[in-house]
Amino acid sequence: MPHPQKAMIAFLLAFAGALLMGAGAPLYKKCTEKVGKISFDKFARNPWGMISSIVFNLPFFIALACGGGGWVLWVSGLSELEATIAGPTLAAMYLTNLAVARFYLGERLTRREGMGLVVIILGIVLLALAGGVR
Amino acid sequence: MGGFWERLKKGEVRGLGVFCALLSGVFGGLAPTLQKMGLPASFAPGAAAGWATALSNPVFLLGAILGIISVPILIVAFSYGKASVLFPVGGGTGYITTLFSAYLLLGESITYLKLVGVAVIILGVSLLGRTAD
Chain A
9 MPHPQKAMIA FLLAFAGALL MGAGAPLYKK CTEKVGKISF DKFARNPWGM
59 ISSIVFNLPF FIALACGGGG WVLWVSGLSE LEATIAGPTL AAMYLTNLAV
109 ARFYLGERLT RREGMGLVVI ILGIVLLALA GGVR
Chain B
7 MGGFWERLKK GEVRGLGVFC ALLSGVFGGL APTLQKMGLP ASFAPGAAAG
57 WATALSNPVF LLGAILGIIS VPILIVAFSY GKASVLFPVG GGTGYITTLF
107 SAYLLLGESI TYLKLVGVAV IILGVSLLGR TAD
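Protein chains in written order, with the working numbering: chain A, 9 to 142; chain B, 7 to 139.
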């Protein structure tokens with residue numbers, strides 16, 4: 009087990025990476041709004057048109073940057089943490105995923121979802137303790 | 007066999023959603039273990055050389071690719087069943103796969119605290135999944 013301070017920094021890097029990756033995910037949904045519901049038939053009729061209207065959007069590039077940057081942070085944390093700690097830390101993605109979906113896409117957060125988030129945070133805290141973070 | 011492929015193409019195979027969720031979980035769960043395996047021992051996040059070594063390691067790359075493709079597989083699973091069931095099935099399978107693959111491949115310990123932490127996260131994911139239908 010790494011030194012507690014080193015473990016804390018590594019855990020925070022992995023946690024921040026997961027939060028960043030989660031923030032990018034709802035932005036992909038924003039990119040599909042121009043296209044509407046994606047079906048195989050629709051894609052087969054005009055594949056390039058569908059791909060370009062999804063990809064050539066600012067939110068798509070922001071989402072890619074969040075995903076890439078988040079992954080770099082998470083791997084940086086993984087290098088000092090056990091995989092059994094860093095892996096489940098990815099559940100933190102749900103926190104920013106729901107927050108961005110709430111404030112950017114206007115999706116409503118239900119009481120059950122709120123409870124789910126609190127329970128996930130509790131699980132991540134337990135893993136942090138198991139990983140030697142004090 | 008031909009009949010099976012026809013039914014698979016039409017998405018009429020029973021249990022396809024659960025199968026895809028399990029597959030997504032296994033791929034997503036192996037990703038952290040394989041990436042950890044592929045990282046050089048002297049890896050320093052701030053040094054480009056460490057990243058170059060990691061990115062040229064096939065085990066590390068396999069882990070990253072499995073992590074990426076686990077997402078569309080889970081999305082396919084959602085189109086064949088209830089998200090409230092498939093979300094925790096995929097997530098739970100992933101965390102359990104990480105625990106056991108890291109134990110077997112990296113020699114990491116499985117402690118009670120880790121097991122409780124993973125169980126609590128699966129509970130939280132299942133609460134989110136119920137409203138995702």
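No residue lacks a Cβ here, since even glycine has one placed at the ideal position from N, Cα and C.
By DSSP, does residue i sit in helix, in strand, or in coil?
i: residue 64 of chain A; result: coil
i: residue 23 of chain A; result: helix
i: residue 9 of chain B; result: helix
i: residue 69 of chain A; result: helix
i: residue 116 of chain A; result: coil
i: residue 78 of chain A; result: helix
i: residue 94 of chain A; result: helix
i: residue 100 of chain B; result: helix
i: residue 36 of chain A; result: helix
i: residue 135 of chain A; result: helix
i: residue 54 of chain B; result: helix
i: residue 69 of chain B; result: helix
i: residue 127 of chain B; result: helix
i: residue 115 of chain B; result: coil
i: residue 133 of chain B; result: helix
i: residue 84 of chain B; result: helix
i: residue 20 of chain B; result: coil
i: residue 45 of chain B; result: coil
i: residue 88 of chain A; result: coil
i: residue 121 of chain A; result: helix
i: residue 105 of chain A; result: helix
i: residue 76 of chain B; result: helix
i: residue 62 of chain B; result: coil
Within this structure, are the beta carbons of residue i and residue j separated by less than 8 Å?
i: residue 26 of chain A; j: residue 89 of chain A; result: no
i: residue 32 of chain B; j: residue 104 of chain B; result: no
i: residue 96 of chain B; j: residue 128 of chain B; result: no
i: residue 18 of chain A; j: residue 74 of chain A; result: no
i: residue 113 of chain A; j: residue 37 of chain A; result: yes
i: residue 38 of chain B; j: residue 95 of chain A; result: yes
i: residue 137 of chain A; j: residue 119 of chain B; result: yes
i: residue 131 of chain A; j: residue 21 of chain B; result: no
Determine the closest residue to residue i out of the options, with distance taken between C-alpha atoms.
i: residue 107 of chain B; options: A:130, A:114 and A:92; result: A:92
i: residue 97 of chain A; options: A:41, A:40, A:33 and A:139; result: A:139
i: residue 99 of chain B; options: B:34, B:12 and B:11; result: B:34
i: residue 39 of chain A; options: A:135, A:65 and A:131; result: A:65
i: residue 67 of chain A; options: A:34, A:50 and A:79; result: A:34
i: residue 82 of chain B; options: B:20, B:46, B:26 and B:39; result: B:26
i: residue 40 of chain B; options: A:69, A:108 and A:83; result: A:83
i: residue 71 of chain A; options: A:108, A:137, A:14 and A:95; result: A:108
i: residue 24 of chain A; options: A:76, A:11 and A:56; result: A:76
i: residue 101 of chain B; options: B:79, B:124 and B:80; result: B:124
Since residue i contacts residue j with CB under 8 Å, what's their CB separation in whole angstroms?
i: residue 125 of chain A; j: residue 103 of chain A; result: 6 Å
i: residue 87 of chain B; j: residue 24 of chain B; result: 7 Å
i: residue 67 of chain B; j: residue 61 of chain B; result: 7 Å
i: residue 151 of chain B; j: residue 127 of chain A; result: Only positions 7 to 139 of chain B appear in the structure, and residue 151 of chain B is not among them; the question remains open.
i: residue 87 of chain A; j: residue 51 of chain B; result: 6 Å
What's the gap between the Cα of residue i and the Cα of residue j?
i: residue 58 of chain A; j: residue 85 of chain B; result: 20 Å
i: residue 129 of chain A; j: residue 16 of chain A; result: 16 Å
i: residue 44 of chain B; j: residue 114 of chain B; result: 15 Å
i: residue 28 of chain A; j: residue 9 of chain B; result: 44 Å
i: residue 48 of chain B; j: residue 76 of chain B; result: 29 Å
i: residue 29 of chain B; j: residue 59 of chain B; result: 29 Å
i: residue 146 of chain B; j: residue 122 of chain B; result: Residue 146 of chain B lies beyond the stretch modelled for chain B, which goes from 7 to 139, so this question has no answer here.
i: residue 135 of chain A; j: residue 100 of chain A; result: 12 Å
i: residue 121 of chain A; j: residue 111 of chain A; result: 15 Å
i: residue 110 of chain B; j: residue 65 of chain B; result: 15 Å
i: residue 11 of chain B; j: residue 93 of chain B; result: 26 Å
i: residue 89 of chain B; j: residue 135 of chain B; result: 6 Å
i: residue 57 of chain B; j: residue 63 of chain B; result: 10 Å
i: residue 116 of chain A; j: residue 123 of chain A; result: 14 Å
i: residue 51 of chain A; j: residue 80 of chain B; result: 20 Å
i: residue 78 of chain B; j: residue 55 of chain B; result: 31 Å
Any heavy atom of the ligand PLP closer than 7 Å to the beta-carbon of residue i?
i: residue 103 of chain B; result: Looking for the ligand PLP in the displayed structure turns up nothing, as the structure carries no ligands at all.
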